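Participant:
Residue numbers (this note's numbering), protein chains in the order written: chain A, -4 to 631; chain B, -4 to 631.
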């Protein structure tokens, strides 16, 4: 079993991810604070709302604030900032002050529907909000050493543990929107209090048992519908929608709301790791395979349909109508990171990298202040990022992932090995071979293929370093102190096991040609189509880059006939590698008689005009003139 | 100006269409009678319904019965049948007896909501039902010479003319679902009473004027919502949905509910022809072009979306989710037939033929007893015809079109010319060159390309015959009395102007190779795809014909590499020409490493395995083992 090197022990000092963290810190976190303040989310915590007053708080709101506190806390620890810290402490103070004498902490159910506390676990997101508050509390404590929020949330967790469970007088319930499970495991890891882990395991184990909790709960309410409506009428498929259709160890397919699914699977993996629960691990692996082999966009986006924000049939991955919620991408990164710790298998890291660089990053604009909730892979030009959402889960979710990205860079196995998953420029402090070791990294990823790690330690020590060779890379050259070396590959990682001396450097050069990517042929919307990828970045075509080619009728020429050029353009989108490729446009006009009573149908294939097409990284789309966008273009 | 040779003067005695009429007569009409009876539609006409009783009549129901009477009347006239006649007279008796003393005739608003008569012309389909009753009455009179239903409907039309209009005390309203306009013109043509035409013109002219009638009407109801809900909330785009967004002469795009649109455009063309209204003709032509050049499936189906059963954006013609309601196809045939009479332009006949042979005929099963309401161009195997529908507009709509098909075969221009639009085997009685002429036809269409017309007349006479060369035909050979002749082509018709003697025969041999059809490249769902057509028939691929090729992954090889064979198979689907063509299947498995952390995405194009694919006429799909179906296959 591996464990991540914690985010607080990893610095990211330069390059792509440092720039993303800087934008997150300087633009996104302040913008999100303003939104939370201006929309009433902070005021709601003052518990002064009166019936009839606008805005009426929403039962989601605490979770938005909590995720912002979590994100800001990570950032403060690595990059102190007095103004941000003042805002964090203001919000933490509001949260602590909003706690009720019995430990309860939820602004909505304290003032808007106090009589309804813990009566609608299916829809009312109380346990979901509690989970995000728990994560915020752990992060705030780890970042600042201050215990006020952590202590408050420990009391709230204890109250929840009193209310829910299989004991006499307890509700045998569990959350309709998962999240608290993984949060309770984090709390247990921080406090060491076994009851937090036990409560997480209770929620995991209880889920999907018969009789269905939602029916029991609705009866207990005297038949009053949940906050999203009556169970029988409006949400016939609800048990699948919130993954309560079967006990989790008997779940074989990824179904329902994709964010809920990701948070559940993370909680399952956490409990499995903490308790050594083999059947639970096996369920995680089955669900992972189903998500990534049948339900994942090439961007790492998941959840194709807007109707319940979730998974549909196998290989149903439409591009224009893709939902691919930003939160679901963030959730997949969380899930991948947990699966990766089991045996350091590069296929988990490949998906982690795919979703981070594409489906997660697309959620934020180049200026850091507008956000996609939905991430389509094709657009007619009408899809744009927004300042905020009434349901604003996504913006702070990306912020907390970016701010804690250091935690995704390395893992260690005891003191014996360290594995590099995500190249960054910066350094990590680890304990290896009985020594305190600093691993200094340099990389020009994702634009170039150079990855170097210099080992710093007081005296020589023996341990292994694993350097990941990404799945997209066909040619990796490894050097140690400048000399080519050979190293065995284990599950996608080159493994160098040797005695290391201070200053030793291993360098990896990853070939990064522009690659054509083809989808599994059952993906109807991608048949006969191709996407471009270079390194970890999926590319897309935006209309603004094709003055002569209407994207709606553009296609790529076959690889053999059409070389692709990749070149860094410092003036483009803040500096990105653009890809240029030879393509064609089908002409709408036809000179041949159509012969079918309408120019809609013709006897000849549309004529083609050669064009040069330019692609930019998908994550950077919709930052210039509005227009059509395509990830997958026909190939002919 | 041309006029159709009436259905009662044209017999269809053998071949494809005779078989379709036989099936319609022997299977479909009796099945529809049983459905009308068993679902309570006939009982509703007895006006004995009491509150609380099930089934509760629906305000559509009279129209279903009316269309059945209309269809059965046509059939009785050409093919007497005592049992069918007894049923027709029973239903006609019920209708006549259901008329109220003041002339009102609507079973629903007589017994279920008597207080709501003519208060919701937007949703309640009263004028729509009246229109279908009018058509039934005209057909019944023409078929049987009996006046009872016609007289009843004349009284009802007069009542409607009293209620609606611009005079004092009248409602300045018009129907939310068009139909009565074209029906009133038919009534005028039958009775010669000018007021029927005037009322039709009133409805046409009034439509789309400001203030919007629906708002005036809703105010008059004191704000009570219409039968489909409140105007402002649920149907924001209602004026476009029912084509009341602008006066009809200022309409430039086909919008909204497609059946309503077709019936409106037919009414507009009828009024334009009857009154010589140039701007109204111009509007019809613009709307025709918009429908057929930007909104028509290759099957002639129209109206892509289920959400309001109507037209969407230009070139938005998705295949699997195609709505393409059978009634809309029938309506397009009606509209095409009217436009064709203006100047005998073959492009209207081409669309008429396309929709008849494909989008209309697909509405009925091979056994004549189950029906499609929605006609997709691709299916995953879950779309099947049904016995009946709660909204059962489509089955009797096809029945009345098939039973009156003789009316679509010929048109005449005075006594100077006759034009053959639709080859059938049978004969037509016409007056040409001052003589009573019988035009005897033989054809093996749609399976073969032979069309022959023998002229029968007492003494020689000079007139012109026009024989249509369909748009799909590249090579037509014309003979007169066995000798090749040349004839000029006018708008798609070969014109032979000569003195005709008894027994003269003109014969046309139409080349009928299998053709590949390509869509306008703006049709996203058809890009890179091809459909097969032979003669007027669009073909489709059904899974049942491809034991080795999963259709979801099949494609056609390019034309040059893949000849197609057409062969009549008497054992297949009652005898059809099947088309066999060389294609390929993309393999789901990949031997090359995928390199992307998931077998969903690969670096190599899917491998292809050659297969032989068989296609059958689209109209005949879903008559064998359930399975996937595709009209458009990728070409590569």
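Cβ coordinates follow ideal geometry from the N, Cα and C atoms, glycine included.
The model shown is predicted, which means the values in this text are computed figures rather than measured ones.
Please confirm if residue 356 of chain B has its CB atom under 8 Å from at least one CB of chain A.
Facilitator: no
Participant: Rounded to the nearest angstrom, what separates residue 624 of chain A and residue 84 of chain A at their Cα positions?
Facilitator: 42 Å
Participant: Compare the Cα-Cα distances from residue 452 of chain B to each of B:440, B:162, B:427 and report the closest residue.
Facilitator: B:427
Participant: Using the Cβ count rule (16 or more neighbours within 10 Å means buried), how would you classify residue 228 of chain A?
Facilitator: Annotation note: pLDDT 47 at residue 228 of chain A (below 50); position unreliable, no value reported.
Participant: Short check: CB of residue 456 of chain B to CB of residue 405 of chain B, under 8 Å?
Facilitator: no
Participant: Just how far apart, CA to CA, sit residue 192 of chain A and residue 215 of chain A?
Facilitator: Cα-Cα distance, rounded: 28 Å.
Participant: Under DSSP, the beta strand (DSSP E) around residue 422 of chain B begins and ends at which residues?
Facilitator: Counting along the chain, the beta strand (DSSP E) containing residue 422 of chain B begins and ends at 420 to 427.
Participant: Could you tell me which uninterrupted alpha helix (DSSP H) segments, each at least 4 residues in length, are contained entirely in the region 1 to 49 of chain A, listed from first to last along the chain?
Facilitator: 10 to 18, 24 to 33, 36 to 39
Participant: I want to see whether chain B comes within less than 8 Å of residue 512 of chain A, judged by CB atoms only; does it?
Facilitator: yes
Participant: Is the Cβ of residue 523 of chain B closer than 8 Å to any Cβ of chain A?
Facilitator: Yes, contact with chain A.
Participant: Does DSSP classify residue 562 of chain B as helix, strand or coil?
Facilitator: strand
Participant: Output the boundary residues of the beta strand (DSSP E) element that contains residue 612 of chain B.
Facilitator: Counting along the chain, the beta strand (DSSP E) containing residue 612 of chain B begins and ends at 603 to 612.
Participant: Using alpha carbons as the reference points, say which of A:270, A:141, A:324, A:117 lies closest to residue 224 of chain A.
Facilitator: A:117
Participant: Using a Cβ cut-off of 8 Å (strictly closer), state whether residue 287 of chain A contacts chain B.
Facilitator: So, interface residue.
Participant: When you compare only the Cα positions, how much space is there between residue 328 of chain B and residue 197 of chain B?
Facilitator: So the two alpha carbons sit approximately 25 Å from each other.
Participant: If you run the structure through DSSP and keep just helix, strand and coil, what is residue 500 of chain B?
Facilitator: Looking at residue 500 of chain B - three-state DSSP - the assignment turns out to be strand.
Participant: First and last residue of the alpha helix (DSSP H) that includes residue 337 of chain B?
Facilitator: 321 to 338
Participant: Give a yes or no on contact between the region 259 to 279 of chain B and the region 240 to 247 of chain B, applying the rule of three or more CB pairs nearer than 8 Å.
Facilitator: yes
Participant: For a cutoff of 8 Å on Cβ pairs, would you count residue 595 of chain A as touching chain B?
Facilitator: Yes, contact with chain B.
Participant: Since residue 501 of chain B meets chain A, which of its residues come closer than 8 Å, beta carbon to beta carbon?
Facilitator: Chain A residues near residue 501 of chain B: none, gap ~23 Å exceeds 8 Å.
Participant: Would you give the residue range spanned by the alpha helix (DSSP H) that residue 265 of chain A belongs to?
Facilitator: 253 to 270
Participant: Leaving aside the five residues before and after residue 459 of chain B along the sequence, list all residues of the same chain whose C-beta is less than 7 Å from its C-beta, in chain order.
Facilitator: 411, 412, 490, 491, 492
Participant: State the Cα-Cα distance for the pair residue 178 of chain B and residue 279 of chain B, rounded to the nearest angstrom.
Facilitator: 17 Å
Participant: DSSP on residue 569 of chain B, reduced to helix/strand/coil?
Facilitator: coil
Participant: What is the rounded straight-line gap between the Cα of residue 581 of chain B and the Cα of residue 598 of chain B?
Facilitator: 15 Å
Participant: What does residue 548 of chain B touch in chain A if you count any residue whose Cβ is under 7 Å from its own?
Facilitator: 516, 517
Participant: So what's residue 626 of chain B in DSSP terms, helix, strand or just coil?
Facilitator: coil
Participant: Given a limit of 7 Å on CB to CB distance, which residues of the region 240 to 258 of chain B reach chain A?
Facilitator: none
Participant: Against chain A, does residue 629 of chain B count as a neighbour if the rule is that its beta carbon must be under 8 Å from one of theirs?
Facilitator: yes
Participant: Note down the Cα distance separating residue 551 of chain A from residue 577 of chain A, rounded to an integer number of angstroms.
Facilitator: Near 7 Å, if we compare the C-alpha coordinates of residue 577 of chain A and residue 551 of chain A.
Participant: Given this structure, state the Cα-to-Cα distance separating residue 461 of chain B from residue 425 of chain B, to the nearest angstrom.
Facilitator: 14 Å
Participant: Between which two residues does the alpha helix (DSSP H) containing residue 616 of chain A stretch?
Facilitator: Segment: none, residue 616 of chain A is in no alpha helix (DSSP H) and carries neither H nor E.
Participant: Alpha helix (DSSP H) containing residue 275 of chain A: first to last residue?
Facilitator: Counting along the chain, the alpha helix (DSSP H) containing residue 275 of chain A begins and ends at 273 to 289.
Participant: Using the beta-carbon of each residue, which ones in chain A are nearer than 9 Å to residue 333 of chain B?
Facilitator: Ordered by position in chain A, no residue passes the 9 Å Cβ test against residue 333 of chain B, which lies about 15 Å from the chain.
Participant: Output the distance between the C-alpha atoms of residue 310 of chain B and residue 112 of chain A, rounded to the nearest integer angstrom.
Facilitator: 52 Å
Participant: Closer than 8 Å, CB to CB, is residue 263 of chain B near chain A or not?
Facilitator: no
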